[in-house]
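Below is one structure, written out as structure tokens; comments come after it.
There are 4 protein chains.
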Amino acid sequence: MIEVGIVGGTGYTGVELLRLLAHHPEVNLNVITSRSEAGMAVSDLFPNLRGHVDLAFTVPDVEKLAACDVVFFATPHTVAMALVPELIARGTRVIDLSADFRLKDAVEWEHWYNMPHTCPELLEQAVYGLPELNREQIKSAQLIAAPGCYPTATQLGFLPLLENNLIDPNHLIADAKSGVSGAGRKASIGALLAESAESMKAYAVAGHRHLPEIRQGLNIVSQQDVNLTFVPHLTPMIRGIHATLYGQLTTDVDLQSLFEQRYANEPFVDVMPAGSHPETRSVRGANVCRIAIHQPQNSNTVVVLSVIDNLVKGASGQAIQNMNIMFGFDEKLSIDTIAAMP
Amino acid sequence: MIEVGIVGGTGYTGVELLRLLAHHPEVNLNVITSRSEAGMAVSDLFPNLRGHVDLAFTVPDVEKLAACDVVFFATPHTVAMALVPELIARGTRVIDLSADFRLKDAVEWEHWYNMPHTCPELLEQAVYGLPELNREQIKSAQLIAAPGCYPTATQLGFLPLLENNLIDPNHLIADAKSGVSGAGRKASIGALLAESAESMKAYAVAGHRHLPEIRQGLNIVSQQDVNLTFVPHLTPMIRGIHATLYGQLTTDVDLQSLFEQRYANEPFVDVMPAGSHPETRSVRGANVCRIAIHQPQNSNTVVVLSVIDNLVKGASGQAIQNMNIMFGFDEKLSIDTIAAMP
Amino acid sequence: MIEVGIVGGTGYTGVELLRLLAHHPEVNLNVITSRSEAGMAVSDLFPNLRGHVDLAFTVPDVEKLAACDVVFFATPHTVAMALVPELIARGTRVIDLSADFRLKDAVEWEHWYNMPHTCPELLEQAVYGLPELNREQIKSAQLIAAPGCYPTATQLGFLPLLENNLIDPNHLIADAKSGVSGAGRKASIGALLAESAESMKAYAVAGHRHLPEIRQGLNIVSQQDVNLTFVPHLTPMIRGIHATLYGQLTTDVDLQSLFEQRYANEPFVDVMPAGSHPETRSVRGANVCRIAIHQPQNSNTVVVLSVIDNLVKGASGQAIQNMNIMFGFDEKLSIDTIAAMP
Amino acid sequence: MIEVGIVGGTGYTGVELLRLLAHHPEVNLNVITSRSEAGMAVSDLFPNLRGHVDLAFTVPDVEKLAACDVVFFATPHTVAMALVPELIARGTRVIDLSADFRLKDAVEWEHWYNMPHTCPELLEQAVYGLPELNREQIKSAQLIAAPGCYPTATQLGFLPLLENNLIDPNHLIADAKSGVSGAGRKASIGALLAESAESMKAYAVAGHRHLPEIRQGLNIVSQQDVNLTFVPHLTPMIRGIHATLYGQLTTDVDLQSLFEQRYANEPFVDVMPAGSHPETRSVRGANVCRIAIHQPQNSNTVVVLSVIDNLVKGASGQAIQNMNIMFGFDEKLSIDTIAAMP
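Residue numbers (my numbering), protein chains in the order written: chain D, 754 to 1095; chain F, 754 to 1095; chain B, 754 to 1095; chain S, 754 to 1095.
Shown next, in the form of structure tokens:
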């Protein structure tokens, strides 16, 4: 049994952590913080948790957090940067769901986030929490940078191709479609149902903050600089990411077998049979990435379809997967749930 | 560990039974039948079950079904009527999610379903599977008629009022809103997204098949014939029922306390604090009925808001709740899940 | 050709006025104001208007507004109150889409809006702009209080019954379902797609600001104080109101004929054939109220189904209908559009 | 005033023709056929048309159709093939919204539609009804093959680039997202709201029937065989197509100016300002294609965003645009409507 703290529990990744941890047999939810909602019962804000979570939000208190075995940060960027160094210094393990420790290069971080990084010395130490890539380092990590949602779906789809040098790294395209929960639980006109239902649009085509994160990951497995065009789209649904990935094959191999072997031992990556079209609803609420591989019209363009729930395998579920690995629990504990269909 | 069979697993209540039973620690899923899909792997039809359910659909075989400890019928009406008598005769327990055994009066059944009932002798024996009303009889029942979705939400909202003779039984109104999954997994133009999204409409105002079922239940607790106007509405969402119930108070009592006491020991009925407005999403995928009671403008009209997930507390979850009671398991086993929000 | 001004063009009723007025053959759109967006081209904010409206938003200027033949207020409450007296004094006609002049009783207004009314002397003069009730007064009105959305759907459904004393005025129930655009174009967490899609809930059951407006209207036609229970619901769609109205019949008449005769000459009320179930999508974008009348199970409860588009017949379309009447144009000019289905 | 007939008026392109033609000042709707619904009033099937269209469906009658000036076919493929030769022989002009005459090569048609083409001799004569490409031929055409929805959005986005040889024709990618109305008004499980809402998926990645149509069009303007990867996606909305197009630039030009000049005189193509992200809702119900051009990160990958309403500029609106051109009417007559936002 470990003691768990959550900083910033009022957003969508926070409530999702609570949903998935509430019945975790090895976890005692010890503290959940929110400056704005301090004093309020968690289940008053999130009525789905009535009867399952008895905690109330509290103001962040370093002493209480440091006393936990692990602390999750489910906060906007810059919050973790401010608190994590002290927790790390005191031996508390940290899983940060925000972007603060995802990029290895502080200069690039500062370029994309338009502010100084206040603890660049931790960037090297932070382990990028994609278990399919870094399971060994995760086991002993003290600080995990949990991957973003787009980066998870995109990297898992490109990995087998780039690890084996099967596609031209100069012509990668990721056309990604996300549900609106990716924008977070904050008041905004653009994410109103009246504005975003019954419509589809691309956004941030000039440059989205997940681009450098994806590029960094692909560069590492390619062992060279890739050229990636990344176009995110706002899709009229709550949850789900559908990444449609395009690459130019440079050689001829059995892609289906390749993907199946690459992920044969991965509990949360499901390579579907040849010819499949994964649906985001098949992973809604579940910690799974479903992938299908196509080579339409026998051209040399490979099309990989990769779907996740942005709040689960793309955020809170993957964060708990990291926790399970860090503490030696069964990796599937409490996150082996089944999507509800319909 | 009990052996479980499911007849008719290709509809929405079937896949929902599978989702909730797949990880039930006391259940071995033994057989699932479908004439139309015999031979197909269940997870080919429902990809959310990939990695969780290994069964394939088979043609119904009475021998195999009779060898189970309990058989669920997740079928359109008339299918259960044909098979249940033999299963009952051979000692197999049955939980029927269809309408075949819900009405006690065969003549009324035949009026609403426009066909003869082929085993009216079982109507008396069948126990109406609303645990909040009939938990004791359920324990020893051999045949359960699981309640319909509208009847569950409506009866749980009216029960405390009618049991205590607090409202005029001659002026009951149930204005109910249902997601489109209530229409089942069958091809129809009216339930297309292009037809039913972005629109609201009432239907079957002249008389819906759930009306006699609700009326029968309310008559029993009222010990008299009630006059109920029931107007169902098709709502542009997948899951959920929101029943808005209106009654004319005949006496002045603390309704909040009354409801809280009535359901104090019910694991799956949640009476919310005074002034609440339950949302259907707070019970999506969960086996819960959330209720709030209002008396607007201090008039003598009481308004009860009652929400469920039509496929869970309104169908498959409640069916499993019955099974847990029948076999002496913890009533919450495998159905104590938390709705995902957002 | 008349000169038209719009105050507050950045909300949903504002853009809807522009859509419907852009091609009005008798209207010259002269000025549209917005303090927050002054200087911005209207079509930059609302790209649907590209190529149709060339105006830019300007800071409100009384001189320019007073020079118009008619000024629409598409503003939150209290804005019209502050400007209208001067416009009226200078002879400009005003159509106010906000709540400022809808209630005749300043004390009641102040109760529901929690602030003083700054020009109560205009309340008497203001004509309530429901053409089906007040067409004659509208013709010569200088100040129109355009009805709210719920009040339009509810009053048009109850009018024929109350005008003829056919139902008990002490037991009126209006169960109304509205799309989320009714909440306006403003940032709020509750109206996010991630919060309000795939869910249904009642709100403001204790008392909604449209209640006194509806009650006032029904009192006038009933010539007595009615007792109305009004329960609004937030529905997961953008546009549309479905009002389901319940009354207790006190006499036996041919309701279908009654409604058909009442609205025979109304261009924008469509009484559907007996047994119909109007859908909100059939009036989406159109200035129509579709009504069906039911008497289920031959009980004495009458059920009226009344649907409108909250932004058209429930707001901007009706406001233009008033303008057409006031200036002697064909009442249907520019608002006789057809809903798109699907 | 011309006499107009419609064959097959019960689908989505049929009702959309009716909506747009009902108030066309030069059109008399003479006959609308449907074998399945013969005798039914059109407005009974489509209540949005109540008060606007008085016709009833009739069984197809060649005499009556031939007496029209122009006949629209809003039918599944193969229906037009059977009737068109006789109408053409008798001098009636025909606008076919189906796929029967879109491909010039009968062998390719037969490959994609798995059946013989019964009047290949008309393929040469048929004019492909994309006004932005073939306006002159349309003027005098007797038979128009109206473009498909995906082909319209894709071709309008690629045209300026391919006409000027600015991109490598061997690496074209069209990632297209369509609302579910593209599947037509027919009962199917996959298009149920319960199956397709809250989910995103690709489909027909191996080869969609619109691929050869798009390829044919791009080949013509490129004057060579292009290599196009086309991946359509089913999007949880009713209407709209968002085509995201990717090309590899072979030269450096001012793309924004290029597109603006190419479409400067086109009434229904709107090139948005640099940096824009067109939304499908901005063209919902309107006969417009909105386009934005991006060159993210200054790489040599150009990204074109092209949105249309699949039922208007992608079908019925464009068909009427063709009719206006054919008969010398103002090209914008009756189709210059404004999308409703929200």
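No residue lacks a Cβ here, since even glycine has one placed at the ideal position from N, Cα and C.
At a cut-off of 7 Å between beta-carbon atoms, F:Met953 makes contact with chain B.
Straight-line spacing of the CA atoms in B:Asp1023 and F:Thr997 works out to 27 Å. Residues of the region 921–947 of chain S with a C-beta less than 8 Å from any C-beta of chain F: Gly932, Val933, Ser934, Ala936, Arg938, Lys939, Ala940, Ser941, Ile942, Ala944, Leu945, Leu946 and Ala947, listed in chain order. With respect to the C-alpha of B:Gly792, the residue from B:Phe854, B:Thr811, B:Lys1066 and B:Ala859 having the closest C-alpha is B:Thr811. Restricting attention to S:Ile1046, S:Asn1063 and S:Gln1050, the CA atom closest to the CA of S:Val1056 is found in S:Ile1046. The residue from D:Val815, D:Glu863 and D:Gly1038 with its alpha-carbon nearest to that of D:Leu840 is D:Val815.
Per the Cβ contact rule, the region 1075–1092 of chain B is in contact with the region 822–842 of chain B (3 or more Cβ pairs under 8 Å). In terms of beta-carbon proximity, D:Val768 lines the interface with chain F, with at least one pair separated by less than 7 Å. B:Leu981 is bridged by DSSP to B:Leu925.
Below 8 Å, enough C-beta pairs join the region 984–997 of chain B and the region 930–938 of chain B to call them touching: three or more. In this model, D:His1030 and D:Leu1011 are separated by some 18 Å (Cα to Cα).
Residue ranges of uninterrupted beta strand (DSSP E) with 3 or more members, entirely inside the region 770–820 of chain S and ordered along the chain, are 780–786.
The residue among S:Val757, S:Val760, S:Val768 and S:Ile785 with its C-alpha nearest the C-alpha of B:Ile1091 is S:Val768.
Around the beta carbon of F:Ser893, fewer than 16 other beta carbons sit within 10 angstroms, so the residue counts as exposed. DSSP places F:His1030 outside both helix and strand once states are collapsed to three, so it counts as coil. Here the region 843–862 of chain B makes contact with the region 897–907 of chain B; the two share three or more CB pairs at distances below 8 Å. For F:Arg888, there is no enclosing beta strand (DSSP E); the enclosing alpha helix (DSSP H) covers residues Pro884 to Ser893. Counting C-beta pairs with one atom in each stretch, the region 999–1006 of chain F and the region 958–971 of chain B have fewer than three that are closer than 8 Å, which means they do not touch.
Between the region 936–948 of chain B and the region 1028–1042 of chain B, the count of C-beta pairs closer than 8 Å stays below three; the two stretches do not touch. Of the candidates F:Val760, F:Glu966, F:Leu945 and F:Ser789, the residue whose Cα lies closest to the Cα of F:Ser1069 is F:Val760.
Not one beta carbon of chain B lies nearer than 7 Å to the beta carbon of F:Leu802. B:Ser934 is positioned such that its CB atom lies closer than 7 Å to that of B:Arg992. The region 833–849 of chain S makes no contact with the region 779–786 of chain S; the number of CB pairs closer than 8 Å stays below 3. Contact note: F:Ser949 reaches chain S through Leu946, using a C-beta cutoff of 7 Å and chain order. With a cutoff of 7 Å on beta-carbon distance, S:Ala819 and S:Leu770 are scored as not near each other.
Look at the region 919–967 of chain D and you find these whole runs of alpha helix (DSSP H), each 4 residues long or longer: 946–949.
Interface with chain F (7 Å Cβ-Cβ cutoff): B:Gly993 is included.
In the three-state reduction of the DSSP assignment, S:Val837 falls in the helix class, which pools H, G and I. Proximity of D:Ala1093 to chain F, defined by a Cβ-Cβ separation below 7 Å, is satisfied. For the region 1030–1044 of chain B, the beta-carbon criterion of a distance under 9 Å to any beta-carbon of chain S is satisfied by Pro1031, Glu1032, Arg1034, Ser1035, Val1036, Arg1037, Gly1038, Ala1039, Val1041 and Arg1043. Within a 10 Å sphere around the beta-carbon of F:Thr871 sit fewer than 16 other beta-carbons, which makes this residue exposed.
Of all residues in the region 825–845 of chain B, none is placed with a Cβ closer than 8 Å to any Cβ belonging to chain S. For B:His963, no Cβ of chain F is located within less than 7 Å of the residue's own Cβ. DSSP, read as helix, strand or coil, puts B:Glu756 in strand. Across the structure, D:Gln1071 and D:Ile994 are spaced so that their CA atoms are roughly 15 Å apart.
Between F:Pro838 and F:Leu875, the beta carbon gap of about 7 Å places them in contact (Cβ cut-off 8 Å).
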